[in-house]
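Only one structure is covered here, and it is reproduced in the block below.
Residue numbers (my numbering): 174 to 274.
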């Protein structure tokens, strides 16, 4: 599964480490937002570092947005994303009320 991650901060580093410990084959695609940290993750885990956030979006089957809330408007202005039927289903599921006990 090609998993793209936008943002390469401390949280992303932990997510990448966790994904790489699973039994599932995961190809991780990173944005170049923090070049030094992206390179560190590439060397440690074999991640692919792309030239732009848009290329991460275009290549990923699963997309994780790992930026601080104040960086989200800037990131959103840099990318274009078309919702697939699967993505639409996932978004719909998250909008459904969750029962609590």
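Even glycine gets a Cβ: it sits at the ideal position worked out from N, Cα and C.
All figures in this text were calculated on a predicted structure; none of them were measured in a lab.
Proximity below 8 Å, CB of residue i to CB of residue j
| i | j | result |
| --- | --- | --- |
| residue 253 | residue 227 | yes |
| residue 165 | residue 235 | As shown, the chain starts at 174 and ends at 274. That puts residue 165 outside it, with no answer to give. |
| residue 202 | residue 229 | yes |
| residue 200 | residue 221 | yes |
Three-way DSSP call (helix, strand, coil) for residue i in this model
| i | result |
| --- | --- |
| residue 189 | helix |
Anticipated Cβ contact below 8 Å, residue i with residue j, distance rounded
| i | j | result |
| --- | --- | --- |
| residue 223 | residue 250 | So it is not a contact: roughly 18 Å between Cβ atoms. |
| residue 189 | residue 218 | 5 Å |
| residue 233 | residue 177 | 3 Å |
Counterpart residues of residue i in DSSP-defined beta bridges
| i | result |
| --- | --- |
| residue 200 | 175 |
| residue 222 | 203 |
- Length-filtered (4 minimum) alpha helix (DSSP H) runs lying within the region 228-258: Taken in chain order, the unbroken stretches of alpha helix (DSSP H) that lie wholly in the region 228-258 and span 4 residues or more are 245-251.
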